[in-house]
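K.L.:
Encoded as structure tokens, here's the structure I'll be asking about.
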Amino acid sequence: MLGSIAINGVSRFMCSTRHGTIEAKARALHEHIFSKPEDTYAGKPWDVVKAINDFADESRMMTFKNAKIEASRQQIAKIQPAPKTFIEFGGYVGASAIAWGAILRELNNTDSAVDVNVYTFELSPVNAGIARDLIRLAGLENTVHVLEGPAADSLKRLFEEGKLKEAGVDVAFFDHWEQFYLPDLQLCEDLGLFRKGSKVIADNTDFPGAPAYLEYVKSGGRQGGSYRYETESIETASKCGPVSSPTYT
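Counting with full-length UniProt numbering, you get residues 1 to 249 for the letters of the sequence shown.
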């Protein structure tokens, strides 16, 4: 079975829905962090994540907060063998992608990038550039890779290039536009990316909501399809939702 985990929360501030506002706040974050002495954050991924989320709390930015990261880490740590390949739909400024890169390195007991990869998809060129700078600052540029453009296009390109293989994705994280959760999940299925024991994590399935996605994973997936999902909801201090574990049948 595949694990489906829904992480819902009120930490996404809906007042910042316009791209201009979102990008302006991302630029302000970039300026804030890079105004500090170089050694403040260099090579310190968890310090970078904390700095991003502290700024986000003050500035009402949409980021995947620390309580949700920890809840997700506990789920990811259950995967055996240790996960090496992670795909993220919705990178924004890279806070969660940096966390995923640090977690995968820790679980694989390695400081190197060998066979450990996080691919994060971000539509905005501005946000993608800022994410790359923050990932580089954290020392994870060889582990965390930002792909700019529509997530579905980036996913198909990685598969065509052989960077993603059948049964080769250990974790998929959905945190982009909720209406794309289900079609992008089904694209992962069509490409055969999941293996037995992979986990699918989705944020904000309660608000603003992803009802089609939730109904799909909670009902077990496509009728007659190759994947089945076991789904659980996770609660944190910032209110979390379901984790889905897809199982290949």
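Glycine included, C-beta positions come from ideal geometry on N, C-alpha and C. Model, not experiment: these values are computed from the prediction.
Apart from the five residues on each side of it in sequence, which residues of its chain come closer than 7 Å, Cβ to Cβ, to ALA212?
P.N.:
LEU182.
K.L.:
Answer yes if the region 139–146 comes into contact with the region 54–62, meaning at least three C-beta pairs across the two stretches below 8 Å, and no otherwise.
P.N.:
No, the region 54–62 is not in contact with the region 139–146.
K.L.:
What first and last residue would you give for the beta strand (DSSP E) that runs through ARG195?
P.N.:
Its beta strand (DSSP E) spans residues 194–203.
K.L.:
Determine the extent of the beta strand (DSSP E) in which SER233 is found, giving its start and end residues.
P.N.:
Note, SER233: beta strand (DSSP E), 227–233.
K.L.:
Please state whether the Cβ-Cβ distance between ASP170 and ILE98 is less than 7 Å.
P.N.:
Taking 7 Å as the Cβ cut-off, ASP170 and ILE98 do not qualify as a contacting pair.
K.L.:
Counting along the chain, where does the alpha helix (DSSP H) carrying residue 322 start and finish?
P.N.:
Outside the modelled stretch of the chain, which goes from 1 to 249, sits residue 322, for which no answer is possible.
K.L.:
Tell me the DSSP secondary structure of ALA151 in three-state form.
P.N.:
Reduced to three states, the DSSP call for ALA151 is helix.
K.L.:
Return yes when the Cβ of ALA82 is within less than 7 Å of the Cβ of LEU107, no when it is not.
P.N.:
Yes, these two residues count as a Cβ contact at 7 Å.
K.L.:
Please confirm whether TYR41 and VAL48 have their CB atoms less than 7 Å apart.
P.N.:
The answer is yes: Cβ separation under 7 Å.
K.L.:
Comparing the C-beta of GLY91 with each C-beta of chain C, is any distance below 7 Å?
P.N.:
Structure shown: chain C not included; a single protein chain is present.
K.L.:
Does DSSP classify LEU134 as helix, strand or coil?
P.N.:
Correct three-state label for LEU134: helix.
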